[in-house]
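Chains as they are written, first to last, in the numbering used here: chain S, 550 to 817; chain B, -9 to 195; chain Y, 1139 to 1551.
Quick reminder that beta carbons are idealized off the backbone N, C-alpha and C, glycines included.
Since we're looking at a predicted model, the values are computed, not measured.
For reference, the structure discussed in these notes is given below.
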Amino acid sequence: MFPWIDGFHWTPTHIIFLSLFGAALSAILATAAWGLWRTLGDFRKHLAAATCWRENFGELPAVEKRCRHELAGRLPSRQCDHAFDCRTCPNYDKFAALPANVPASRAGVSYSDNLLYHRGHTWVRGDWDGTFAIGLDEFAKHLVGSPESVKLPEVCDEVESEGIAWTMIKNGHKIRVRSPLAGTVISTGGPDSDFYLKILPHSQPNLRHLLKGPEVAGWLAAEVDRLQMQMSKGKATLADGGTMMPDLMDAEPGSDWDAILESTFIDR
Amino acid sequence: MVVRALSNGKEGTDRREAFIPITCMHCEHETPCVSVCPQQAVEFDKSTGIVMQMPQRCLGCRYCMTACPYHARYFNWWDPQWPPGMEKSLNPGVSVRMRGVVEKCNLCHSRYHDALQKAAAAGKKEIDVADYVPACVEACPTGAIQFGDLADPKDPATIAAKSPDAFRLLEAIGTEPKIHYKTTQAWIRALADRQSDRPTEAPHV
Amino acid sequence: MSETALVDRRWIERGAERASTMRFLLWLFPWVCLLLLGVYAAGLCFYYGLNQTNMDNRFAFGLWIFLDLTVIALGAGAFFTGFLVYILKQQDLKPVLNSAVVIGLTCYSGAVAVLMVDVGQPLRAWFTFWYPNTHSMLTEVTFCISCYLLVLVLEYIPVLVKNRQLRRVPSFLVFEHQAHKLVPVLAGVGAFLSFFHQGSLGGLYGVLRGRPFAYRQGFMIWPSTFFLFILSAIAVGPSFLMLVVATAEKITGQKLVDFRVYRKLGFISGVMLAIYVAAKAIDTYVWLNVTSPSMGFGPWDYYSYWPLSSTFLFTATVPLGLLPAILFIVPRTARHRGLLLLAAALTCCGVALNRFVMTVQTLALPTLPFDPFLKYTPSWQEVATFGAVVAYGVIVYSLSYRYLPMFEATKGE
Chain S
550 MFPWIDGFHW TPTHIIFLSL FGAALSAILA TAAWGLWRTL GDFRKHLAAA
600 TCWRENFGEL PAVEKRCRHE LAGRLPSRQC DHAFDCRTCP NYDKFAALPA
650 NVPASRAGVS YSDNLLYHRG HTWVRGDWDG TFAIGLDEFA KHLVGSPESV
700 KLPEVCDEVE SEGIAWTMIK NGHKIRVRSP LAGTVISTGG PDSDFYLKIL
750 PHSQPNLRHL LKGPEVAGWL AAEVDRLQMQ MSKGKATLAD GGTMMPDLMD
800 AEPGSDWDAI LESTFIDR
Chain B
-9 MVVRALSNGK EGTDRREAFI PITCMHCEHE TPCVSVCPQQ AVEFDKSTGI
41 VMQMPQRCLG CRYCMTACPY HARYFNWWDP QWPPGMEKSL NPGVSVRMRG
91 VVEKCNLCHS RYHDALQKAA AAGKKEIDVA DYVPACVEAC PTGAIQFGDL
141 ADPKDPATIA AKSPDAFRLL EAIGTEPKIH YKTTQAWIRA LADRQSDRPT
191 EAPHV
Chain Y
1139 MSETALVDRR WIERGAERAS TMRFLLWLFP WVCLLLLGVY AAGLCFYYGL
1189 NQTNMDNRFA FGLWIFLDLT VIALGAGAFF TGFLVYILKQ QDLKPVLNSA
1239 VVIGLTCYSG AVAVLMVDVG QPLRAWFTFW YPNTHSMLTE VTFCISCYLL
1289 VLVLEYIPVL VKNRQLRRVP SFLVFEHQAH KLVPVLAGVG AFLSFFHQGS
1339 LGGLYGVLRG RPFAYRQGFM IWPSTFFLFI LSAIAVGPSF LMLVVATAEK
1389 ITGQKLVDFR VYRKLGFISG VMLAIYVAAK AIDTYVWLNV TSPSMGFGPW
1439 DYYSYWPLSS TFLFTATVPL GLLPAILFIV PRTARHRGLL LLAAALTCCG
1489 VALNRFVMTV QTLALPTLPF DPFLKYTPSW QEVATFGAVV AYGVIVYSLS
1539 YRYLPMFEAT KGE
């Protein structure tokens, strides 16, 4: 290859040929390198969780992407095109001004007006010291019952918004619970405690993407309907309405819990 | 080198047979095997007109074998094996390659090197033609093979090559082979010039 | 469900209907056996040498080269579909794009694996990169195919990473998200590389001055076979893709793509095939009347041997070339799924026959006037090695279909 090697002859066609290939190979390697660089960048800027979330959201079936305003009765039907992130949705103000139309009794499972709810079935409560407590809502608790094990983050760990806050194991299923907020973990709790995590956000957080008030009833009613459909696949249909029974994973082990848990905790 | 048997296809007293040795023709013009080797393992030496093969660089892809119209290239399908002790009697001037590479006639390049060294020792730049005799020329008991310098018009081999009885194989392809054949037999000439309707049976290589 | 079946189910897309674990393993079993047999045969060739094959000094290229060329032509659907979707914005072909990438990946990697067995000294494979001879078509093929294999791997990674469990690794999913934006670049580079190597594979034979049966004149350094091979590869790529997807539909019992996609692939195949047949007819005329006679060879030198008479040439052009082109293009026949798939199968056979003619027939025909016409039968090692490539393709495609979101139709509800 080198000019001084005996028996090898450099010609102008070598230059043309190798240049073309160099260009093609560079383009390929540059593409791969650019992808890796952008990936690293996303991690450094703490955008990885958001990117994963948007990818996962994009692949949800339409019935699981219903806009909160539809669930609240404000709109007849609308599919969320913003990955449930109302914080940056341009239409939020316009829709939120419309009157809600859902009776609280429809929920099918209890909820509190004092808590803010994330669509991944966690609640958020702002405390007097600027920290936010995060817990599992009643729907999720009724579903999971007592988890066999819970893996919480360590104190001083960082959680990202839409990232994985903690994981639970129940009946061999690994459940990954999404964090509604970003911040540093101040203290941890668990299923026997009042909360699962207490976090301190880096700055005053925008809580617009969390549901509150009558919206929660509409959303939970839709979730109970979905749950009934998923659990009754292949079996006799259960009656509409009524309240959710506790410890469903233990009570109905034959259901497609992979699908139900993925839909509930929005984790593909 | 492979010696092919030809016949005029007739029987009885009309039958004629001849032998034609086929070796690398060391094609002068657009040498088919040189341009196709992906590793530049075949080289055309302009000073000698010899087409050289570098088995050390050969990948064994056999593309040059499909390119050669004279089927003058041979692939080492097996590893060479000698009865025990025979390797001591082999010619040290000729290396034997392992399996998986292509070989061909290189006009006994080791003998050319010996002639070059002899000329250098005598302080000469050009070799003495008498010092460079390929093995096949030396071995032929009837002197049917002549070797010489085609660039020298006074060389006896060149004079024979230019005679009207001389021909080359597959001239129409345009490779300008350096191996010339000479015959007064019309049937051999006809056969070689592709005038016959059917090819003659020849032994499988 | 058993423990294994439960674990297996977790790797499958939620809501996707797939055969039970047992049935899938039963399906894979014979292919794995075939793969192992082929690996054994290849091992014999590596250990003992190429004397395990029935190739010899006259038949230097045999079954492997012929099938390599065929398989690379069949895998051309990968680059061409990518080109159509990303460069020409034909979005209705998107459902079959992942299939095309998998087919391309297995075809090319399988062909390269067989080439490593075919050469006498595989450890010297890097010599072509280090001492390239730019006059040789084979150098061009080597460079292009290596680069293109890299492109195919990079195009496959986003599909692979979308697996239900693999996507849970954040770095994989983020990389897929970022890399997805650059796939058009890869598609463009892939099309450029493919164009050249499909052509150079034809050029391999078109430049052989010593084989007037294969030798063609052309444009600048490229013989006409360069362009003919590109055309035939582009024509057969969509056809083979169609056949594979239809076979997958038949075996899985699911409708994977809309019939419109088949019709579109068929139409593209048909048009390219029609252009190819016309170009080939002109090329054959020029070759038989001008090029070949100027080298002292006439048609009687090629077509007077049994079984390679002129019916071979006719078969390649009309029933396996013109007929499928008509079936693809005429709406009345293109509307029938059965006829469409028949046309696709005929096209694949036609291209295989064309590659056979350029490799095996070229070598069988004598060049020296006193040489006989040669016959060659591949040895079991050669057949088994290639069987391994087929098995490898089936296994990879089966695994990809089962565990990856290959077709949007089977994803979610």
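{"Check": "Per-residue DSSP class, three states only, for I1389 (chain Y)", "Outcome": "helix"}
{"Check": "With 16 other Cβ atoms within 10 Å as the buried cut-off, status of V1428 (chain Y)", "Outcome": "exposed"}
{"Check": "Under the three-state DSSP convention, the category H667 (chain S) falls into", "Outcome": "strand"}
{"Check": "Interface residues of chain Y facing I577 (chain S) [CB-CB closer than 8 Å]", "Outcome": "C1285, L1288, V1289, L1292, L1324 and V1327"}
{"Check": "Under 7 Å by beta carbon: chain S residues contacting A1317 (chain Y)", "Outcome": "G584"}
{"Check": "Close-in-space but distant-in-sequence residues of the same chain around F1405 (chain Y) (CB under 8 Å, 5 per side omitted)", "Outcome": "F1466, I1467 and A1472"}
{"Check": "Whole-angstrom distance between V1223 (chain Y) and R47 (chain B), CA atom to CA atom", "Outcome": "43 Å"}
{"Check": "Rounded straight-line distance, which links the Cα of F633 (chain S) to that of D880 (chain S)", "Outcome": "Since the first residue of chain S shown is 550 and the last is 817, residue 880 (chain S) is not available in this structure."}
{"Check": "G1375 (chain Y) beta carbon less than 8 Å from that of A1463 (chain Y)", "Outcome": "no"}
{"Check": "Reference F744 (chain S); option with closest CA among S:S575, S:T680, S:D630 and S:R603", "Outcome": "S:T680"}
{"Check": "Proximity of V26 (chain B) and N66 (chain B) at Cβ, strictly below 8 Å", "Outcome": "no"}
{"Check": "Length of the line joining the Cα atoms of S100 (chain B) and C23 (chain B)", "Outcome": "21 Å"}
{"Check": "Backbone CA spacing between L49 (chain B) and A110 (chain B) [nearest angstrom]", "Outcome": "34 Å"}
{"Check": "Neighbour flag for M1358 (chain Y) against chain B, beta carbons, 8 Å", "Outcome": "no"}
{"Check": "Rounded Cβ spacing between M1254 (chain Y) and A1263 (chain Y) (contact assumed at less than 8 Å)", "Outcome": "7 Å"}
{"Check": "First through last residue of the beta strand (DSSP E) which encompasses M717 (chain S)", "Outcome": "I713 to K719"}
{"Check": "Buried versus exposed, by CB contacts within 10 Å (16 or more), C1171 (chain Y)", "Outcome": "exposed"}
{"Check": "Other residues of its chain near V1532 (chain Y): CB distance less than 7 Å, five sequence neighbours each side excluded", "Outcome": "W1169"}
{"Check": "Cutoff 8 Å: T1485 (chain Y) Cβ touching any chain S Cβ", "Outcome": "no"}
{"Check": "Contacts around F1357 (chain Y), its chain only, beta-carbon distance under 6 Å, and the 5 residues preceding and following it disregarded", "Outcome": "none"}
{"Check": "Under 8 Å between C-beta atoms of I1359 (chain Y) and F1333 (chain Y)", "Outcome": "no"}
{"Check": "Segments of 3+ residues assigned as beta strand (DSSP E) that fall wholly inside the stretch 78 to 107 of chain B", "Outcome": "92 to 94"}
{"Check": "Which residues DSSP lists as bridging V32 (chain B), in chain order", "Outcome": "B:Q43"}
{"Check": "Cβ neighbour criterion (16 or more within 10 Å) applied to F1184 (chain Y)", "Outcome": "exposed"}
{"Check": "Buried versus exposed call for N720 (chain S) [16 or more other C-beta atoms within 10 Å across all chains shown]", "Outcome": "exposed"}
{"Check": "Burial state of Y1423 (chain Y), where buried means 16 or more other Cβ atoms lie within 10 Å", "Outcome": "exposed"}
{"Check": "Beta carbon proximity, C601 (chain S) to chain A, threshold 8 Å", "Outcome": "Note that chain A does not occur in the displayed structure, where the protein chains are S, B and Y."}
{"Check": "Residue interval of the alpha helix (DSSP H) (run including T1471 (chain Y))", "Outcome": "P1469 to A1472"}
{"Check": "Straight-line Cα distance separating V32 (chain B) from G39 (chain B)", "Outcome": "13 Å"}
{"Check": "Cβ pair count under 8 Å reaching 3, the stretch 603 to 612 of chain S against the stretch 560 to 578 of chain S", "Outcome": "no"}
{"Check": "Completely contained alpha helix (DSSP H) runs for the stretch 1192 to 1223 of chain Y, where each covers 4 or more residues", "Outcome": "1201 to 1212 and 1215 to 1220"}
{"Check": "Any 3 or more C-beta pairs closer than 8 Å across the stretch 761 to 770 of chain S and the stretch 689 to 699 of chain S", "Outcome": "no"}
{"Check": "For F1397 (chain Y), the first and last residue of its enclosing alpha helix (DSSP H)", "Outcome": "F1397 to V1424"}
{"Check": "8 Å Cβ cutoff, S25 (chain B) in contact with chain Y", "Outcome": "yes"}
{"Check": "Minimum C-alpha distance to N1195 (chain Y) - residue among Y:V1321, Y:Y1535, Y:K1513 and Y:A1154", "Outcome": "Y:K1513"}
{"Check": "Near-chain B residues of the stretch 1258 to 1284 of chain Y - C-beta to any C-beta below 9 Å", "Outcome": "G1258, Q1259, P1260, R1262, A1263, F1265, T1266, W1268, Y1269, P1270, N1271, H1273, S1274, M1275, L1276, T1277, E1278, V1279 and T1280"}
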